[in-house]
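Trainee:
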Amino acid sequence: MSSSIYSKPGQTLVKLNGAWIGKAHTLFAFAAFIGALVVGVALHYHKIVENEHYGFPHEWFPSVSATIGDRYPERSVFQVFIAITSGPRFFLVGLLYILTARPDSIKPKILLVSGLLRTLTCGGWTYITSTDDHDWHDIFMISYLVLTIPWTICNISLSRADTAGLFYRKIFATAFFSSLVPLVYFFIQHKVHRVAGAYTIYAFFEWSLVLFDVAFDSATIFDFANLELRVVDIKGVTNAKQYETVAKAPVHDPSKGFGYFSFIVAIFNSFIFWSVLTSLPLLIWYFPLWYMGISGYEAALLAIVAPLVLLIPLLRRFYAYLPQIPQLLTAVGVAAFWVHKPEYRLETVAVGAAFGCISLANQFWGISSKPLAGLHRGTAFGLGLVLSSIAKYAFFTNNPIWPIMHEANGGWNTTGVVIAVVFGLLVSRPQYVKNQPTSIAGPKESAVAAAFGLAGLIFALHTLLSDSSTIITWVWEGYPVRGPQPIPHGAVTIAAMLLGIYLGVARPKFSGSYIAFIISNIGAYVLYTFPGWAGYVGGLILTVYLLSITPIILEAAGRHNPGISFGLGFFFLVLIYLAHVWIVAYAFVPGGPLLRERTDIVLAVQQVFIGLGIFSNSRITTHSKPRKISPNSPLNGGVLLLRKITSQTLAVITILLALTGGITFQRYNKPAPVPHHAQDKVMTAAIWTVHFGLDNDMWASEDRMRDVIEELEVDVIGFLESDTQRAIMGHRDLTQKIAEDLGYYADFGPGPNKHTWGCCLLSKFPIINSTHHLLPSPVGELAPAIHATLDVYGELVDVVVFHSGQEEDVEDRRLQSLGVADIMASSDRPLVLLSYLVTRPLEGNYHTYVSEHSGMSDIDPSDWDRWCEYILYKNIKRTGYARVSRSTITDTEIQVGKFVIGDKSANTNTFKHESQVPEGLRFPALFRGEGVRGHRYHVFDEPRYFE
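Spelled out as structure tokens, the structure:
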């Protein structure tokens with residue numbers, strides 16, 4: 001056989017930078033512990049948080065030992081990854097000895113021996129659990145901790161003084177040993193004094209020890225960066241052809257980090273970022289909602305300014321070398337659904353959001369140093385937003401991995417955690433370079449302008465495009481339909497977002513121009529000013545623009561110190577978020593009247609912020625702009641690389657369009673609504689103040705609302721406090737889930753740009769016409785109303801849904817009562833008022849609503865125990881009335897009335913027994929006595945029927 005196929009003696013076959021040993025050790029060690037924690041909490045949460053004294057809810061976070069050693073499969077997850085870690089671990093110990101070995105010193109030998117023994121004892125307490133043999137488990141564990149002392153001391157004393165590794169070792173060693181004191185204290189509180197909750201705090205410190213221990217050894221990444229491991233064929237016995245591609249590989253591969261795999265990873269990590277970011281204000285909203293004012297929990301929003309910590313060089317370098325750390329910690333925000341207590345769940349999401357923002361800053365810091373990397377990563381970021389919007393499109397405007405979701409209400413939370421962890425482990429920084437400069441910006445570039453641009457972009461994407469139905473509700477006018485509807489036109493919004501992403505790749509120069517910015521301002525103006533199709537077209541123009549500039553704005557911010565551009569950017573974002581809330585919550589916040597109903601100001605500020613971002617991008621000098629590349633340059637691949645990015649983008653766009661089309665087809669093809677008791681010509685009408693679709697335990701309540709509405713056989717229902725199309729409410733539409741599942745026509749009511757808390761109408765009967773009203777409110781909150789005309793068994797019947805202002809604003813409520821009385825008086829058709837009046841029966845404004853002028857009668861004048869909800873009627877036969885308890889869905893009951901169409905007999909206030917009522921006119925017996933799921937007839941303990 002010819003010898004030409006063999007290598008030459010001494011040829012290097014494989015080379016590996018030593019830093020990968022430290023990275024692999026850190027990655028697999030974290031995967032072992034975090035993987036076991038995720039699986040354990042998912043499968044055995046209540047069991048692993050329980051100890052000999054207390055269980056959930058007193059103890060709500062598991063200890064390390066309970067997580068990794070007590071149950072299958074989390075124990076196996078831990079053991080598998082620890083086994084994988086052993087390889088890099090032995091390499092790590094050996095390389096450290098080689099680096100520090102000195103013939104005249106015994107410290108390197110102590111380091112070697114203690115390192116080897118620590119590895120072996122780690123295997124001891126890993127594979128012999130406390131359940132297997134408690135004594136031997138403790139012996140190995142104590143030995144491991146004792147050996148940590150010489151290992152730490154020798155590591156620090158042998159580290160070179162001029163290395164970053166020494167600095168990190170001191171930080172993490174100090175943190176490790178400092179944690180021992182509170183660890184012991186809370187263990188005694190638990191073990192001796194049996195203090196409830198002490199073991200949970202002990203568990204946090206125990207987990208901290210694990211993290212600090214692994215982080216201490218991660219400092220070897222710095223030490224080993226100057227080492228190279230090689231496999232050398234010393235006798236030339238290997239097949240040379242097998243390694244020819246290695247020998248001929250170019251020194252620099254411009255396409256590295258631009259593959260489909262890295263693109264998909266970036267998209268899913270962006271999806272996780274948007275899921276966590278959009279859930280934070282939603283969870284915050286729960287607390288002022290119950291406090292009816294500032295609660296203090298609003299401070300959790302400041303978590304998103306966490307990129308300010310990147311002003312610290314130590315943390316900036318640490319996250320740059322290990323981008324997996326902040327991305328994995330973002331997953332905490334997804335896993336928050338396992339935390340049942342609302343306060344703790346909010347705090348958990350705040351932690352996830354903080355690290356999500358840090359990870360975003362980390363991903364784009366210095367991205368311009370690698371040509372087209374910013375375009376690649378920024379495009380993926382925009383596609384992640386689209387993916388989250390599609391998820392909400394499929395799940396009736398709820399993101400299925402939000403922490404207000406769980407298995408009982410249709411959540412896919414566990415799937416979300418898996419996605420967050422897997423893609424968090426796979427994250428990378430294509431622009432990674434050793435000793436990366438803090439800023440690569442030119443002298444004319446402004447970090448503050450870039451920060452404003454970032455704030456404006458994130459705010460616009462969140463408040464207008466995180467849900468495909470938001471700009472549609474902005475321009476909705478009611479019936480007859482004169483504009484877009486969430487289904488099917490939400491798909492058009494998503495298509496416009498994808499068009500913007502394509503233009504950002506294909507025409508970045510135009511997207512970043514002032515001409516495009518001016519066009520976007522026109523689109524924003526048209527969206528704000530015009531209803532119906534015209535306003536929607538303006539919104540689509542703005543949509544295309546926002547997605548097209550996403551890579552530009554993020555890349556411009558990444559050229560500066562990320563602590564400044566991203567830290568300040570998210571601080572500015574907090575300010576504009578507050579302004580966005582103040583325009584509708586003005587009655588409950590300090591200084592609120594200054595921004596009362598000023599959506600125009602907030603929209604203008606958004607555009608000014610974005611304009612500053614465009615200005616920042618324009619100040620990048622031509623020779624430093626990454627896209628100004630030579631098509632024939634051998635260094636960066638030029639046009640070929642851009643074609644690769646375009647191809648990837650078009651492929652993902654095609655998939656997302658197909659997915660959107662499938663969802664649209666599935667949701668759009670629904671049968672026409674059918675009334676419950678058509679044969680009896682009954683219209684069952686109800687009113688319910690639904691508290692923005694969050695129940696008392698901070699879970700999304702649409703499914704529970706749907707179930708009780710179906711069981712009550714309601715034909716027409718008015719929802720109050722139903723406008724959730726704002727950042728603080730998650731940009732949701734409470735009508736979609738219930739209307740599609742049960743078969744209703746839906747009128748969303750006045751849109752979010754009308755600054756009300758919302759009212760909406762669901763009807764089994766066709767809505768012929770509906771008009772939206774804003775009642776006089778010179779001081780307090782705006783009072784919305786819907787005046788709708790329904791085709792009820794061939795007869796036109798009017799329904800008015802109305803929410804009055806709050807108790808404190810007496811004059812507002814008086815003027816509103818006059819306005820609603822005029823609306824009711826304007827109709828001579830049968831009419832039912834479903835309302836929230838804030839008055840006592842037979843007192844004050846009650847006599848304006850129930851009067852000769854309005855022509856209205858009270859459904860039950862003898863019901864003295866009312867304050868808010870009322871059902872009034874005229875020119876229609878009223879036969880029944882019931883009050884149904886809310887369970888834990890909201891803070892307000894359901895009131896239900898039954899009306900018969902075509903019956904011209906006079907109404908009386910004389911009661912009759914249910915046995916005298918035809919079957920089709922009776923209320924369901926399901927809610928008698930204890931009722932079902934906390935819903936029952938109450939106050940009267942049974943329905944009332946009238947002659």
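Residues in the sequence shown are numbered from 1 upward in steps of one, following full-length UniProt numbering. Every residue, glycine too, gets a C-beta built ideally from N, C-alpha and C. Quick caveat, the model's predicted, so the values are computed rather than measured.
By how many angstroms is the C-alpha of Tyr393 removed from the C-alpha of Ile663?
Mentor: Along the sequence shown, one-based indexing puts residue 663 at 663. Along the sequence shown, one-based indexing puts residue 393 at 393. Roughly 8 Å separates the two Cα atoms.
Trainee: Among the candidates Gln895, Thr888, Thr890, whose CA atom is the shortest distance from the CA of residue 952?
Mentor: Only positions 1 to 947 of the chain appear in the structure, and residue 952 is not among them; the question remains open.
Trainee: Kindly list the residues whose CB is nearer than 7 Å to the CB of His935, restricted to its own chain and excluding five residues on each side of it in sequence; keep chain order.
Mentor: Residue 935 sits at position 935 when you count from the first residue of the sequence shown. Excluding sequence neighbours, His935 sits near Val708, Val884, Ser885, Ser887, Phe927.
Trainee: Classify Trp207: buried if its beta carbon has 16 or more other beta carbons within 10 angstroms, exposed otherwise.
Mentor: As a working note, residue 207 is residue 207 in the sequence shown. Buried, since its Cβ has 16 or more Cβ neighbours within 10 Å.
Trainee: Can you give me the Cβ contacts of Arg169 inside the same chain, cut-off strictly under 7 Å, excluding the 5 residues immediately before and after it?
Mentor: Stepping through the sequence shown from its first residue, residue 169 is reached at position 169. So the list reads Asn155, Ile156, Ser159, Phe216, Ala219, once near-sequence residues are dropped.
Trainee: Under three-state DSSP, which class holds Ser857?
Mentor: In the sequence shown, counting from the first residue as 1, residue 857 sits at position 857. Residue state, collapsed to three classes: strand.
Trainee: Could you please give me the residues that DSSP links to Val38 through a beta bridge?
Mentor: Mapped onto the sequence shown, residue 38 falls at position 38. According to DSSP, Val38 bridges with nothing at all.
Trainee: The alpha helix (DSSP H) with Tyr870 in it runs from where to where?
Mentor: Along the sequence shown, one-based indexing puts residue 870 at 870. Per DSSP, Tyr870 belongs to no alpha helix (DSSP H); it is in the beta strand (DSSP E), 869–874.
Trainee: Output yes or no for whether 7 Å exceeds the beta carbon distance between Ile221 and Lys15.
Mentor: By 1-based counting over the sequence shown, the position of residue 221 is 221. By 1-based counting over the sequence shown, the position of residue 15 is 15. No; because the gap between Cβ atoms is not below 7 Å, this pair is not in contact.
Trainee: If you draw a straight line from the C-alpha of His58 to the C-alpha of Trp338, how long is it?
Mentor: As a working note, residue 58 is residue 58 in the sequence shown. As a working note, residue 338 is residue 338 in the sequence shown. Roughly 15 Å between the two C-alpha positions.
Trainee: Asp747 lies in the beta strand (DSSP E); which residues open and close that run?
Mentor: One-based indexing of the sequence shown puts residue 747 at position 747. For Asp747, the enclosing beta strand (DSSP E) begins and ends at 745–747.
Trainee: What is the residue span of the alpha helix (DSSP H) that Ser827 lies within?
Mentor: The residue labelled residue 827 in the question sits at position 827 within the sequence shown. Segment: none, Ser827 is in no alpha helix (DSSP H) and carries neither H nor E.
Trainee: If you count every other CB in all the chains shown that lies within 10 Å of the CB of Asp903, and 16 or more means buried, which is it?
Mentor: Counting from 1 along the sequence shown, the entry for residue 903 is found at position 903. Of the other Cβ atoms in all chains shown, fewer than 16 fall within 10 Å of the Cβ of Asp903; this residue is therefore exposed.
Trainee: Starting from Leu13, follow the beta strand (DSSP E) in both directions and report where the run begins and ends.
Mentor: For the purposes of this step, residue 13 is taken as residue 13 along the sequence shown, with counting starting at 1. In this chain, the beta strand (DSSP E) harbouring Leu13 covers 11–17.
Trainee: How big is the Cα-Cα spacing for Tyr260 and Thr649?
Mentor: For the purposes of this step, residue 260 is taken as the residue at position 260 of the sequence shown. For the purposes of this step, residue 649 is taken as the residue at position 649 of the sequence shown. Their Cα atoms are separated by approximately 9 Å.
Trainee: If you count every other CB in all the chains shown that lies within 10 Å of the CB of Ile515, and 16 or more means buried, which is it?
Mentor: Residue numbering aside, residue 515 sits at position 515 when the sequence shown is read from its first letter. Under this definition Ile515 is an exposed residue.
Trainee: What would DSSP say about Ser633, mapped onto helix, strand or coil?
Mentor: Position 633 of the sequence shown, counting from 1, holds the residue named residue 633. Since pLDDT at Ser633 reaches only 44, below the 50 mark, its modelled position is unreliable, and no value is offered.
Trainee: Would you check if there are 3 or more beta carbon pairs closer than 8 Å linking the region 713–723 to the region 680–690?
Mentor: yes
Trainee: In whole angstroms, what separates the C-alpha of Tyr937 from that of Gly920?
Mentor: Sequence index remark: in the sequence shown, residue 937 carries index 937 (1-based). Sequence index remark: in the sequence shown, residue 920 carries index 920 (1-based). Within the model, the alpha-carbon separation for Tyr937 versus Gly920 is close to 18 Å.
Trainee: Could you tell me which uninterrupted alpha helix (DSSP H) segments, each at least 4 residues in length, are contained entirely in the region 350–412, listed from first to last along the chain?
Mentor: 373–394
Trainee: Assign Pro403 to buried or exposed, taking buried as 16 or more other Cβ atoms, counted over all protein chains shown, within 10 Å of its Cβ.
Mentor: Counting from 1 along the sequence shown, the entry for residue 403 is found at position 403. Classification of Pro403: buried, given that the 10 Å Cβ count is 16 or more.
Trainee: Within 10 Å of its beta-carbon, does Ala906 have 16 or more other beta-carbons around it, so buried, or fewer, so exposed?
Mentor: Here the question's residue 906 lines up with position 906 in the sequence shown. By the neighbour-count rule (16 or more Cβ atoms within 10 Å), Ala906 is not buried but exposed.
Trainee: Over the uninterrupted beta strand (DSSP E) stretch that includes Pro673, give me the two end residues.
Mentor: Sequence index remark: in the sequence shown, residue 673 carries index 673 (1-based). Unbroken run through Pro673: none, as it is neither H nor E.
Trainee: Name the two residues that bound the continuous alpha helix (DSSP H) containing Tyr185.
Mentor: As a first step, residue 185 must be located in the sequence shown, where it is residue number 185. It spans 164–191 - the alpha helix (DSSP H) in which Tyr185 sits, taken as one unbroken run.
Trainee: Answer with buried or exposed for Leu280, where buried requires no fewer than 16 other C-beta atoms within 10 angstroms of its C-beta.
Mentor: Numbered from 1 along the sequence shown, position 280 holds the residue referred to as residue 280. Buried: at least 16 other Cβ atoms inside 10 Å.
Trainee: Return the Cβ separation of Gly366 and Gly558 in integer angstroms, given the expectation that the two are a contact with Cβ distance under 8 Å.
Mentor: Numbered from its first residue, the sequence shown carries residue 366 at position 366. Numbered from its first residue, the sequence shown carries residue 558 at position 558. Confirmed, Cβ separation roughly 6 Å.
Trainee: For the region 368–387 against the region 545–554, do three or more pairs of beta-carbon atoms, one drawn from each stretch, fall closer than 8 Å, so that the two count as touching?
Mentor: yes
Trainee: May I have a chain-ordered list of the beta strand (DSSP E) segments no shorter than 3 residues that lie completely inside the region 675–760?
Mentor: 682–689, 716–720, 745–747
Trainee: Can you give me the C-alpha to C-alpha distance between Gly819 and Val801, rounded to a whole angstrom?
Mentor: Residue numbering aside, residue 819 sits at position 819 when the sequence shown is read from its first letter. Residue numbering aside, residue 801 sits at position 801 when the sequence shown is read from its first letter. Whole-angstrom Cα-Cα distance: 13 Å.
Trainee: Suppose you measure from the CA of Asp791 to the CA of Val779; what does that come to, to the nearest Å?
Mentor: The count along the sequence shown starts at 1 and reaches residue 791 at position 791. The count along the sequence shown starts at 1 and reaches residue 779 at position 779. Roughly 37 Å separates the two Cα atoms.
Trainee: How would you call Glu852, buried or exposed, if buried means at least 16 neighbouring beta carbons within 10 angstroms?
Mentor: Taking the first residue of the sequence shown as 1, we reach residue 852 at position 852. Per the 10 Å Cβ criterion, exposed.
Trainee: Check the DSSP bridge columns for Ser770 and list the partner residues they point to.
Mentor: Start at 1 with the first residue of the sequence shown, and residue 770 comes out as number 770. BP columns for Ser770 point to Ala788.
Trainee: Using 10 angstroms around the beta-carbon of Tyr668, count the other beta-carbons present and answer buried if the total reaches 16, otherwise exposed.
Mentor: Numbered from its first residue, the sequence shown carries residue 668 at position 668. Exposed: under 16 other Cβ atoms inside 10 Å.
Trainee: Comparing the CB of Tyr168 with every heavy atom of the ligand COA, is any distance shorter than 6 Å?
Mentor: Summarising the ligand content, the structure contains no ligands, and the ligand COA is consequently not present.
Trainee: Going by DSSP in three states, His53 sits in which element: helix, strand or coil?
Mentor: Position 53 of the sequence shown, counted from the first residue, corresponds to residue 53. Looking at His53 - three-state DSSP - the assignment turns out to be coil, as it is neither helix nor strand.
Trainee: So the candidates are Cys122, Gly55, Leu166; which of them puts its Cα closest to the Cα of Leu145?
Mentor: Within the sequence shown, numbered from 1, the residue matching residue 145 stands at position 145. Among Cys122, Gly55, Leu166, the Cα nearest to that of Leu145 is on Cys122.
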